[in-house]
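Heads up: the sequence lines are chains A and B, in that order.
Convert by adding 1 to the 1-based position in the first sequence; the result is the number in this note's numbering.
Convert by adding 1 to the 1-based position in the second sequence; the result is the number in this note's numbering.
Every residue, glycine too, gets a C-beta built ideally from N, C-alpha and C.
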Amino acid sequence: DAGVIQSPRHEVTEMGQEVTLRCKPISGHDYLFWYRQTMMRGLELLIYFNNNVPIDDSGMPEDRFSAKMPNASFSTLKIQPSEPRDSAVYFCASSPTGQVGHQPQHFGDGTRLSIL
Amino acid sequence: GQQVMQIPQYQHVQEGEDFTTYCNSSTTLSNIQWYKQRPGGHPVFLIQLVKSGEVKKQKRLTFQFGEAKKNSSLHITATQTTDVGTYFCAGRNYGQNFVFGPGTRLSVLP
């Protein structure tokens, strides 16, 4: 079975550029999560969706970050304009129906983002 | 807000030694999950604990949920080099906030 698919795997770009990260969750999963992982701050939940609707975006660092989920099989995380401090590994995860946090989360391989 | 802490931050053990990581929450949890992340990889779900005092085993791994549902532990018996990675706990409180701990990074020396 296909797991969570993220693209690109690696992204290197200059500060000020727009960055778009993509995620395809596991088919049939109702929840989709975006995380950011750095050595300093660990694994941070940025936003999560339930049935394509954003439920909690309190972890989104600032207005430069935005996330969308236009349908059940696709989500994007956009950073505009990007800054060097946004460099991190960004993970997408999905989980099946149920209360959030009561079902296992399945993580994608992540996007390693470097902003120069 | 809800905080989940883990100790130790790092642990180096000789292959064959035991290892334990502890997870502590500032609030009572409805459940706790454990994940493992290999170096360069992504977190992978290991197990979920729901009941007060619950103990679950997976081969050499033993997971425990505290009686007060505010702490948990993961114990590995006779570590192997394949156990290398970072172990995260993640807890959900009754206010429906779900938070990952900072993780414990395990190194196993052959």
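Within chain A, the residues Gly43 have their CB atoms less than 7 Å from the CB of B:Pro103, given in chain order. As for any beta strand (DSSP E) of minimum length 3 sitting wholly inside the region 61 to 89 of chain A, the runs are 66 to 72, 75 to 80, ordered along the chain. Neighbours of A:Gln81 in chain B, taken as residues at a C-beta separation under 8 Å, are lacking, since the least C-beta distance is about 25 Å.
Contact between B:Val109 and B:Thr80 holds, with the beta-carbon distance rounding to 5 Å and staying under 8 Å. Residue-level contact check: A:His103 touches chain B, since one or more beta carbons of chain B fall below 8 Å from its beta carbon. By the rule that beta-carbons nearer than 8 Å mark a contact, B:Arg93 touches chain A.
Counting only the Cα atoms, B:Gly104 lies some 27 Å from A:Thr77. With fewer than 16 neighbouring CB atoms inside 10 Å of its own CB, B:Tyr11 falls in the exposed class.
Taking the Cα positions, B:Thr22 is about 34 Å away from A:Pro9.
DSSP places B:Thr80 in the coil class of the three-state scheme, outside both helix and strand. If the five residues before and after B:Glu68 are omitted, its C-beta is found closer than 7 Å to the C-beta atoms of Ser53, Gly54, all from its own chain and listed in chain order. Pairing B:Gly102 with B:Lys71, the inter-Cα distance amounts to about 13 Å. Between B:His13 and chain A, the shortest Cβ-Cβ separation is not below 8 Å. For A:Gln106, the nearest beta carbon of chain B is closer than 8 Å to its own beta carbon. For B:Thr29, no beta strand (DSSP E) run applies, since DSSP gives it neither H nor E. Between A:Ala73 and A:Ile48, the CB-CB gap reaches or exceeds 8 Å. Contact annotation: B:Lys58 and B:Leu47 have beta-carbon atoms that are not nearer than 8 Å. In its chain, beyond the 5 residues on either side, Gln38, Gly104, Arg106 have a beta carbon closer than 6 Å to the beta carbon of B:Thr87. For a Cβ distance threshold of 8 Å, residue set Pro105, Gln106, His107 of chain A lies close to B:Phe46, ordered along the chain.
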